[in-house]
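Structure record follows, encoded as structure tokens.
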Amino acid sequence: MLIVRNLGIQNFSDVWQQMRDFTESRNHDTPDELWLLEHPAVFTLGQAGKPEHILAAGDIPVIKTDRGGQVTYHGLGQLVGYCLFDIKRLNIGVRELVESIEDVLVDVLQQYHIDAWANREAHGVYVDKKKIASLGLRIRKGCSYHGFSLNIQMDLTPYQQINPCGYAGLEMTDMQSLCPTPPTLMIIGSQIQRALHARLFTH
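Just so you know, we're using the working numbering here: the sequence shown kicks off at 56 and counts up by one.
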């Protein structure tokens with residue numbers, strides 16, 4: 056069973072605390088949840104994140120988090136999906152979860168004739184050499200939280216203030232740059248949730 060919550064625009068710190076609280080209090084019977092939302096502008100550093108990858112934060116807040124990965128940017132027009140899954144119960148490992156999320160994002164993007172691909176070495180989803188979706192997870196007590204972000208229709212300039220995911224010069228892109236009429240976040244969110252459900256929850 057997968058419960059999907061469309062949370063609209065939410066402050067990063069508040070949702071991060073809610074994810075930790077949910078994961079801490081859940082038990083073997085707690086249904087898995089997928090939270091879909093947007094964050095106002097924020098840079099987040101993963102556990103291994105190096106401050107030098109933030110070149111010039113300017114007036115955008117920087118938050119050190121407990122997810123995997125390096126530094127990324129969240130902003131309006133980007134769909135964030137937080138995957139609160141009991142991976143033990145799903146009988147999958149972290150790598151399989153990450154690759155499943157990547158494959159779902161690739162499949163959904165290809166429905167819009169966007170030729171995306173998953174990079175298994177530098178995790179995420181790319182179009183040519185530009186990154187369109189990022190992933191970063193945390194596993195606690197056999198359960199995941201944090202998740203993915205997909206750039207749909209956003210201002211990409213803040214990415215120039217960081218080395219995205221720790222890679223100097225990595226270019227980012229979004230759906231509006233690649234298809235004439237990008238879908239709304241609500242539409243793409245429902246496509247992703249259906250695909251994730253079909254892939255992981257219909258055993």
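Note that the Cβ used here is the ideal one computed from N, Cα and C, for glycine as well. If you're wondering where the values come from, they're calculated on a predicted model, not measured in any experiment.
Going by DSSP, what residue range makes up the beta strand (DSSP E) through residue i?
| i | result |
| --- | --- |
| SER189 | 185-195 |
| HIS129 | 126-129 |
| ARG60 | 57-64 |
| GLU79 | Not the beta strand (DSSP E): GLU79 falls in the alpha helix (DSSP H), residues 67-80. |
| LEU89 | 87-93 |
| LEU205 | 198-206 |
| LEU100 | 97-100 |
| TYR181 | 180-182 |
When the distance is taken between beta carbons, is residue j closer than 7 Å to residue i?
| i | j | result |
| --- | --- | --- |
| VAL163 | ILE247 | yes |
| ILE217 | HIS108 | yes |
| ALA171 | VAL161 | yes |
| LEU89 | LEU240 | no |
| GLY123 | GLY191 | yes |
| GLU154 | VAL180 | no |
| THR85 | TYR200 | no |
| GLN231 | PRO237 | yes |
| GLY221 | GLN102 | no |
| THR257 | VAL182 | no |
Report the option in the options whose CA atom is closest to the CA atom of residue i.
| i | options | result |
| --- | --- | --- |
| ILE194 | PHE67, LEU134 and MET74 | MET74 |
| GLY113 | PRO106, HIS252, GLN231 and PRO213 | PRO213 |
| GLN72 | GLY221, LYS119 and HIS108 | LYS119 |
| LEU92 | ILE115, GLU151, THR127 and GLY132 | GLY132 |
| ASP266 | ASP76, ILE109, VAL97 and SER155 | Residue 266 is absent from the model: the chain starts at 56 and stops at 258. |
| LEU145 | LEU160, VAL126 and GLY197 | GLY197 |
| ALA60 | ASP121, ALA173 and GLY136 | Going by the sequence as given, residue 60 is Arg instead of Ala. Of ASP121, ALA173 and GLY136, the residue nearest in Cα terms is GLY136. |
| SER83 | MET56, LEU205, GLY148 and CYS234 | Sequence check: residue 83 is His here, not Ser. HIS83 has its Cα closest to that of MET56, out of MET56, LEU205, GLY148 and CYS234. |
| PHE140 | VAL117, GLY130 and GLU151 | GLU151 |
| GLN252 | TYR200, CYS138 and SER232 | Note that residue 252 corresponds to His in the displayed sequence, not to Gln. Cα-wise, what sits closest to HIS252 is CYS138. |
| GLU219 | GLY63, PRO106 and GLN65 | Note on residue identity: the sequence assigns Pro, not Glu, to residue 219. Minimum Cα distance to PRO219 is reached at PRO106. |
| GLN215 | ILE115, SER245 and ASP69 | ILE115 |
| ILE65 | PHE77, SER80, HIS94 and THR85 | A small fix is needed here, since residue 65 is Gln in this sequence, not Ile. The option with the nearest alpha carbon to GLN65 is HIS94. |
| GLY104 | ASP87, THR127 and ALA111 | THR127 |
| PHE67 | GLN125, ARG254 and THR99 | THR99 |
| GLY130 | GLY224, LEU205 and ALA250 | LEU205 |
| ASN174 | LYS184, ARG249 and HIS168 | LYS184 |
| PRO235 | GLU226, ALA250 and ILE169 | ILE169 |
| GLY224 | ILE147, LEU110 and ARG81 | LEU110 |
| GLU176 | SER245, SER189 and THR228 | SER189 |
| LYS167 | ASP121, LEU233 and GLU226 | For the record, residue 167 in the displayed sequence is Tyr; it is not Lys. Looking at the Cα atoms, LEU233 is the closest of the given residues. |
Start and end of the alpha helix (DSSP H) containing residue i?
| i | result |
| --- | --- |
| SER232 | Careful: SER232 lies outside any alpha helix (DSSP H) and carries neither H nor E. |
| GLY244 | 240-255 |
Under a CB-based cut-off of 7 Å, is residue i close to chain C?
| i | result |
| --- | --- |
| HIS83 | Protein chain content of the structure displayed is limited to a single chain, and chain C is not contained in it. |
- Curious, which full-length beta strand (DSSP E) runs of at least 3 residues does the stretch 106-175 contain? 117-119, 126-129, 133-139 and 171-173
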